[in-house]
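Undergrad: Quick note, the sequences are listed as chains A and B, same order.
Residues in the first sequence are numbered consecutively from 10, following this note's numbering.
Residues in the second sequence are numbered consecutively from 105, following this note's numbering.
Just so it is clear, CB atoms sit at the ideal spot from N, CA and C, and this is done for glycine as well.
There's a structure below that I have some questions on.
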Amino acid sequence: MRHLLALRDLDPGTIVTLLDAAQRLRDGEAPPSPAGATVAMLFYEPSTRTEMSFILAARRLGAEVLPCAVEHSSVRKGESFLDTVRTFEALGADALVIRHPSSGAPHLVARHVGCAVINAGDGMHEHPTQGLVDLLTVRQVKGRIAGLKVAIVGDILHSRVARSAAWGFAKLGASVVLAGPATLLPAAPPVPGVAVTASLADALAGADVVMALRVQLERQAGGALPTLAEYARTFGLTEERLALARPDCVVMHPGPVNLGVELGAAVAEGPRSVIRRQVANGVCVRMAAIQWALGRGAGAELPAAATAAGEISRGRARPEAVEVH
Amino acid sequence: MSDVLIRGGRVVDPSREFDAVADVLIRGGRIEAVAPDLPAAGCDVLDAGGLVVAPGLIDMHVHLRDPGQTHKEDLGTGSRAAAQGGYTAVACMANTVPPVDHPVVVEYLRSRAREVAACRVYPVAAITKGLQGRELSPIAALAAAGAVALSDDGAAVPDAGLLRRAMGYARMVGLPIIEHCEDASLSGSGVVHDGGQAARLGLVGIPSESEAVIVARDLLLAEATGARLHIAHVSAAASVRLIREAKQRGVPVSAEVTPHHLTLTDADVGEFDTNRKMNPPLRTAADLAALRQALADGTIDVIATDHAPHAVEEKRVEFDRAPFGVIGLETALGVVLTHLVGPGILTLPEAVRRMSTRPAQLLGLPGGSLRPGDPADLVIIDPHLAWTVRAEAFASRSRNTPFEGWTLRGRAVLTMVGGRVTHDLVGAEVTA
């Protein structure tokens, strides 16, 4: 039993272990059956692709899925977040998959439950399985991560995808540049050693990987952007702009794409785009993540203490749950 | 109440630059004499050899949550926490439910304190009705009822014109204005300092300028009106620069800093630790260094705790939903002795001055002194006693300390208010 809260917490070896396991599943390896495992899905924010891919992943592993439609739950009666997750633990969940609008919500849960916690995106903090998806996709295309230049472009300030990707790529030896409008950049680099710039040209120059982030429409309403058209004019990725990157660069996007804003259609659907492949990788990555968190299958051979720093071993494990099979 | 001779302690009284081994004779609840080798006839004798005898600490910024939120704290628990920390007096902020914007609430606090409090309790009244920042409170009536200062703490007075009028009125009745300096438009929905930790954790940041722009505005208004302005819980180097420059110009300004802003930075928020979520937020190492320097050189006058109790379940929530604030009455002295006096940033007498004598002067309160004739409000400190912070042992009703588990060196072992013992670590005799 381990928590998957943030790529910041994982050492490079663990990340590679997870990627290898996901790749084997992608290649058709039959997953070991986690007999009797129950995985609860607590999505406090609307999500389509992440929630669906987690549900599919759990089912393909043969786990029982406990869905929680938060809008119909006791949360509406004022039940606290912790009360809700403890209820799911009491119902026998072995893992809680949590999507929440508050940064750190899965960390809070991990301190108060004995089952595994998997972060499916928390506020503006991290989205670790999306980061793994991005790493896996680039590794499939490029054959490596180390030594690549990765440009992540867009609303860096509010993006949990950017944070997880930056940690993941940096930990595996890529150089990472985060670029966006000045109003959407954090006050300090969110990841040590990662560059932050308002210059799109600097970010794109010689990039092997260009990841566009989704512009949240509410950010525009918040005054961070004058208009979406202006964003498209200054930071939208067009074929002309991508000419600054390496000719064989990979173009990514966590989806869904605002066509004509973050990416021109020619780029999004062009030969360098791996957006569809990212989506397809989602299920196997989440299968690997669930197996790892439950201590079954992927990475299970690694002792917990050696595979993860900090949060991973911090939860109050139930005695029967700490064994790594 | 028996007469007491405190024998052979290091008596530190910054009000008259006294620092020597001496006896302190207390009769009828007042200091009768401070001198070597006083006769003990008819007195209980307390041996203070190796200990420090100082004026009782005075905290000019606490939240006792009474009335209205007594599940967090009340006058009894809050004042007992104060006594345990070596405090003999506290000034409690006006943001209660209802707020202290009517003389009746001031009178409630004073009478309730007489009934249950283990220290002197001085109400701070609201600057504006309902703390809404729209209309002036009945300032003269509040002063007449016993308020010792005016503050809308929790928020700045947003309307500069209204604050200017409040300052004029406060000057007329002789009360200082204590400002929580924060520009809400810059803080927005921020929950931590807008720096490295906010970037790493994906939390909305509160920039330092949020504090400093209001400090600048208020300094100009204090200069214009002649009102006494006290800047609460300074957190940012930019604010320090402005206050230093204003003091040099003769602006009637004073300032306070909390023990947590003197010892912790935004990095200490760690993995979303809500017991380190406060407003103003913990800032950078450079800010912390500036605060220490400002305290040492007198730019910042006072150490105050901003004791802000919250129930455990209120803090055990998502970080952005948790209330701001930490408690401090029971840890302040130990933190100051360990982390400011120990490394030589403040001398012991200067620490006592900033935690007792100076707050008394700023609020015009009795105490802060061991002069013969003064009420026997004092604290006996064991400067060498090592102890570990365990919130579960606190007298406060709340547990939200940022110092849980810290080992500190130095602690109040006996507190006395008007000659009455309110905290006795050795004898465990605590009276309310």
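#1: Over the uninterrupted beta strand (DSSP E) stretch that includes A/Ala128, give me the two end residues.
#2: Rounded to whole angstroms, what is the Cα-Cα separation between B/Val317 and B/Lys419?
#3: Are the C-beta atoms of B/Glu375 and some chain A residue less than 7 Å apart?
#4: Answer yes or no: does any C-beta atom of chain B fall closer than 7 Å to that of A/Ile24?
#5: Tell me, which residues are paired with B/Glu360 by DSSP?
#6: Using a Cβ-Cβ cut-off of 7 Å, state whether A/Ala197 counts as contacting chain B.
#7: For a test of the three-state rule: what should DSSP assign to A/Pro312, helix, strand or coil?
#8: Over the uninterrupted beta strand (DSSP E) stretch that includes B/Arg353, give me the two end residues.
#9: Under a CB-based cut-off of 7 Å, is B/Phe423 close to chain A?
#10: According to DSSP, is B/Ala92 helix, strand or coil?
#11: Counting only Cβ-Cβ distances shorter than 8 Å, please list the residues of the segment 291-309 of chain B near chain A, keeping chain order.
#12: With 7 Å as the threshold, decide whether the Cβ of A/Ser111 is near any Cβ in chain B.
#13: Can you round the beta-carbon distance between B/Gly258 and B/His284 to whole angstroms, since I take them to be within the 8 Å contact cut?
#14: Can you pull the chain B neighbours of A/His134, defined as C-beta to C-beta under 7 Å?
#15: Classify A/Asp164 as buried or exposed, calling it buried when 16 or more other Cβ atoms lie within 10 Å of its own Cβ.
#16: Less than 7 Å between C-beta atoms, sequence neighbours within five positions excluded: which residues of the same chain meet that for B/Pro506?
#17: Let's see if you can read the secondary structure: which residues bound the beta strand (DSSP E) around B/Ala193?
#18: What residue range is occupied by the uninterrupted alpha helix (DSSP H) comprising A/Leu51?
#19: State the start and end residues of the unbroken beta strand (DSSP E) segment that holds B/Asp381.
#20: If we ignore side chains and look at the alpha-carbon of each, how far apart do B/Thr409 and B/Leu452 end up?
#21: Is the shortest distance between the beta-carbon of A/His116 and the beta-carbons of chain B less than 7 Å?
#22: Quick one, are the C-beta atoms of A/Ser168 and A/Leu222 less than 7 Å apart?
#23: Start and end of the alpha helix (DSSP H) containing B/Asp127?
#24: Return the chain-ordered list of same chain residues with a C-beta closer than 8 Å to the C-beta of B/Ile347, the five sequence neighbours on each side being excluded.
#25: Tell me, please, which residues DSSP counts as bridged to B/Pro479.
#26: Would you report the Cα separation of B/Ala249 and B/Ala185, rounded to the nearest angstrom?
#27: Secondary structure at A/Cys77, three-state DSSP: helix, strand or coil?
#28: Find the residues of chain A that neighbour B/Arg503, judging by a C-beta separation of less than 7 Å, and give them in chain order.
#29: Kindly list the residues whose CB is nearer than 6 Å to the CB of A/Leu311, restricted to its own chain and excluding five residues on each side of it in sequence; keep chain order.
#30: Tell me which residues share the same chain as B/Thr526 and place their Cβ nearer than 6 Å to its Cβ, disregarding the 5 neighbours each side in the sequence.
#31: Thinking C-alpha only, which one of B/Met197, B/Thr388, B/Glu286 and B/Tyr212 is nearest B/Pro262?
#32: Between the Cα of B/Ala126 and those of B/Ala145, B/Gly133 and B/Ala152, spot the shortest distance and give me the residue it belongs to.
#33: Below 6 Å CB to CB, which residues in the same chain sit around A/Leu16 once its five sequence neighbours on both sides are set aside?
#34: Count the other CB atoms, across all protein chains shown, that sit within 10 Å of the CB of B/Ser119; report buried if there are 16 or more and exposed otherwise.
#35: Taking B/Val209 as the reference, which of B/Pro385, B/Thr181, B/Val416 and B/Ala251 has the closest Cα?
#36: Identify the continuous beta strand (DSSP E) that holds B/Asp151 and give its terminal residues.
TA: According to the structure data:
#1: In the sequence on display, residue 128 of chain A carries Asn and not Ala. Run containing A/Asn128: Ala125 to Asp131, per the beta strand (DSSP E) assignment.
#2: 30 Å
#3: yes
#4: no
#5: B/Val406
#6: yes
#7: Caution applies to A/Pro312, whose pLDDT of 40 falls short of 50 and renders its modelled position unreliable; the value that the coordinates give is listed next. Coil at A/Pro312, not helix or strand.
#8: Looking at the DSSP string, B/Arg353 is not in any beta strand (DSSP E); the run it does join, the alpha helix (DSSP H), is Ala341 to Arg353.
#9: yes
#10: With chain B represented from 105 up to 536, any question about residue 92 of chain B goes unanswered, as that position is not in the structure.
#11: Asp298, Gly299, Gly300, Ala302, Ala303, Arg304, Leu305, Gly306, Leu307, Val308 and Gly309
#12: yes
#13: 6 Å
#14: Leu305 and Gly306
#15: buried
#16: His364, Leu368, Asn379, Arg380 and Val430
#17: Tyr191 to Cys196
#18: Taken as a continuous stretch (DSSP letters only), A/Leu51 belongs to no alpha helix (DSSP H), being part of the beta strand (DSSP E) at Thr47 to Phe52.
#19: Strictly speaking, residue 381 of chain B in this sequence is Lys, with Asp absent from that position. Neither: B/Lys381 is in no beta strand (DSSP E) and is coded neither H nor E.
#20: 18 Å
#21: yes
#22: yes
#23: Unbroken run through B/Asp127 is the beta strand (DSSP E), Phe122 to Arg131; no alpha helix (DSSP H).
#24: Val319, Leu323, Ile335, Val338, Val357, Ala359, Ala398, Thr403 and Ile404
#25: B/Arg134
#26: 26 Å
#27: strand
#28: In chain order: nothing, as chain A lies at least about 15 Å away.
#29: The predicted model places A/Leu311 with a pLDDT of 42, which falls under 50 and marks its position as unreliable, so this point remains unresolved.
#30: Ala187, Ala222 and Thr519
#31: B/Glu286
#32: B/Ala152
#33: Pro137, Gly140, Ser173, Trp176 and Gly177
#34: buried
#35: B/Ala251
#36: Asp148 to Asp151
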